[in-house]
Amino acid sequence: MMKRTSLDQWISKKHHLNMDDRQAIDAYQLARIRALIDYVKAHSPFYRQLYEDFPVPSSLDAFSQFPMIDADDLIRSGTSMLCVKQSEISRIVTLGRMVVENDSECPHADSECELTGIGPSLNQDDTGTLMTLRTSGTIASPKRIYFTREDIELTLDFFENGMKTLCRPGDRALILFPAKTPDSVGALLSEALRRLGLTVHCEDDEAAVALLRDVPVDVVCGPASILMELSQQTEGCRVRAVLSSSERLSLDDRKKLAHAWRCRVFDHYGMTETGLGGAVECDAHQGMHIRENDLYVEVIDGEGERARDHHVKGDLVVTTLTRRGMPFIRYRTGDEAVLTIERCPCGSLLRRILYVHRKR
Numbered sequence: 001m002m003k004r005t006s007l008d009q010w011i012s013k014k015h016h017l018n019m020d021d022r023q024a025i026d027a028y029q030l031a032r033i034r035a036l037i038d039y040v041k042a043h044s045p046f047y048r049q050l051y052e053d054f055p056v057p058s059s060l061d062a063f064s065q066f067p068m069i070d071a072d073d074l075i076r077s078g079t080s081m082l083c084v085k086q087s088e089i090s091r092i093v094t095l096g097r098m099v100v101e102n103d104s105e106c107p108h109a110d111s112e113c114e115l116t117g118i119g120p121s122l123n124q125d126d127t128g129t130l131m132t133l134r135t136s137g138t139i140a141s142p143k144r145i146y147f148t149r150e151d152i153e154l155t156l157d158f159f160e161n162g163m164k165t166l167c168r169p170g171d172r173a174l175i176l177f178p179a180k181t182p183d184s185v186g187a188l189l190s191e192a193l194r195r196l197g198l199t200v201h202c203e204d205d206e207a208a209v210a211l212l213r214d215v216p217v218d219v220v221c222g223p224a225s226i227l228m229e230l231s232q233q234t235e236g237c238r239v240r241a242v243l244s245s246s247e248r249l250s251l252d253d254r255k256k257l258a259h260a261w262r263c264r265v266f267d268h269y270g271m272t273e274t275g276l277g278g279a280v281e282c283d284a285h286q287g288m289h290i291r292e293n294d295l296y297v298e299v300i301d302g303e304g305e306r307a308r309d310h311h312v313k314g315d316l317v318v319t320t321l322t323r324r325g326m327p328f329i330r331y332r333t334g335d336e337a338v339l340t341i342e343r344c345p346c347g348s349l350l351r352r353i354l355y356v357h358r359k360r
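Numbering (the working numbering), first residue to last: 1 to 360.
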């Protein structure tokens, strides 16, 4: 019998929800949304003004009439979106878009990248860890995203429980995401796996090749492009499971990766605005289950309305249900997606993202 996504047991235990009752999940999300609107009106100047003429929604349909926000709002409004004091911020992530002229081969062209991560005070001017980008382009209109310690713990909690589908205590894991900066995606994933009882290695390309050749590695996590390059250099090494994130993994590359390491490949979707974690595949490999205890996800059709039928492609819009520092409410991610509300072959009723196209 196929193992159910590990998210079901986690959400059920954490929030006392019957995961076989979709109406109960919807009711939970509506209650969170209602509390969130009250919270941001009380604590955020940006949202207080934005929702001045909007009462607390009585239904998810009513919530779908609330205005959407996007990256431009984040860039313009900055700290006015915050709901906590500056002293409560533990991490700031600055994202910038590379503007590259006459360099179609540049890997950073038309993409977002993390520039800085600092804390705990906002009374600093980008004095945190700087990632140097060697390109011929410039950084356009950076956006800053703020996290409290509680927000970061939510990400750790999701990583720990979402990875249970791939991992078990005693496994050896190789992390290919950047992990030197505290609370970066690589550092948080490493901590989550250690909590699960794994031995964790965070290595650069050369050391990763040596590790895979020298010792058994059960789980490898990283961006699709790095996974593909590494698997070509270490073809034949046995890996049980791979988690791909940060970049789109094509079906062809997925097959090549599975063949090179004779492994199962799991896809993950997330972005800094969702708290890094967002949705992860189960053993059925038929879409990524959304962490619906922390995120409410909509697909907006070409008419600007919430798609009510599944398998409709549209703009992916997210609401963070549990964030304290800087909540995002009906935030246009800049990605296109297809959602399904059908029960997964694994048995879960959590909604799944079937397809993502990153337009950013």
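No residue lacks a Cβ here, since even glycine has one placed at the ideal position from N, Cα and C. Only a predicted model underlies this, so the values are computations on that prediction, with no experimental measurement involved.
* To do: Using the Cα positions of Met-19 and Leu-350, report the straight-line distance between them to the nearest angstrom.
  => 8 Å
* Asked: Is it true that the CB of Asp-335 sits closer than 9 Å to the CB of Arg-352?
  -> no
* In angstroms with no decimal places, state the Cα-to-Cα distance between Tyr-355 and Thr-333. => 14 Å
* Asked: Tell me, which residues are paired with Asp-335 by DSSP?
  -> Arg-358
* Residue span of the alpha helix (DSSP H) that contains Ala-307, given as start and end -> Note, Ala-307: premise wrong, no alpha helix (DSSP H); not H, not E.
* Asked: Which same chain residues, not among the five before or five after Asp-253, have their C-beta less than 7 Å away from its C-beta?
  -> Ala-224, Met-228
* To do: Using 10 angstroms around the beta-carbon of Asp-183, count the other beta-carbons present and answer buried if the total reaches 16, otherwise exposed.
  => buried
* Asked: Would you say Arg-34 and Pro-67 are within 9 Å of each other, going by their C-beta atoms?
  -> no
* Asked: Considering only C-alpha positions, which residue in the set Thr-234, Phe-328, Arg-195, Ala-27 is nearest to Gly-275?
  -> Phe-328
* Asked: So, is Asp-205 buried or exposed, given that buried needs 16 or more other C-beta atoms within 10 angstroms?
  -> exposed
* To do: Could you check what DSSP says for Ser-58 in three-state terms: helix, strand or coil?
  => coil
* Straight-line Cα distance separating Arg-264 from Gln-86 -> 43 Å
* To do: Answer yes if the stretch 243 to 252 comes into contact with the stretch 303 to 313, meaning at least three C-beta pairs across the two stretches below 8 Å, and no otherwise.
  => no
* Inter-residue Cα distance where the pair is Cys-221 and Asp-283 -> 16 Å
* Under three-state DSSP, which class holds Tyr-378? -> Here the chain comprises residues numbered 1 to 360, so residue 378 is not present and cannot be evaluated.
* Are three or more beta carbon pairs between the stretch 196 to 211 and the stretch 153 to 169 nearer than 8 Å? -> yes
* Can you tell me whether DSSP reads Glu-380 as helix, strand or coil? -> Because the chain is modelled from 1 through 360, residue 380 falls outside the range shown and cannot be assessed.
* Local conformation of Leu-3 per DSSP, three classes -> In the sequence as presented, Leu is not what sits at residue 3; that position holds Lys. Correct three-state label for Lys-3: coil.
* **Met-288, DSSP secondary structure in three states** => strand
* Asked: Mind pulling the alpha helix (DSSP H) runs of 4 or more residues that sit fully within the stretch 202 to 262?
  -> 205 to 214, 224 to 233, 251 to 261
* Asked: If we call anything under 9 Å between Cβ atoms a contact, is Asp-267 one with Ser-244?
  -> yes
* Over the uninterrupted beta strand (DSSP E) stretch that includes Arg-172, give me the two end residues. => 172 to 175
* In the DSSP assignment, find the alpha helix (DSSP H) that holds Asp-26 and state where it starts and stops. => 22 to 43
* To do: Mind checking which residues open and close the beta strand (DSSP E) that includes Thr-320?
  => 313 to 320
* Span of the alpha helix (DSSP H) around Val-185 -> 185 to 195
* So the alpha helix (DSSP H) Arg-76 belongs to, where does it begin and stop? -> 71 to 77
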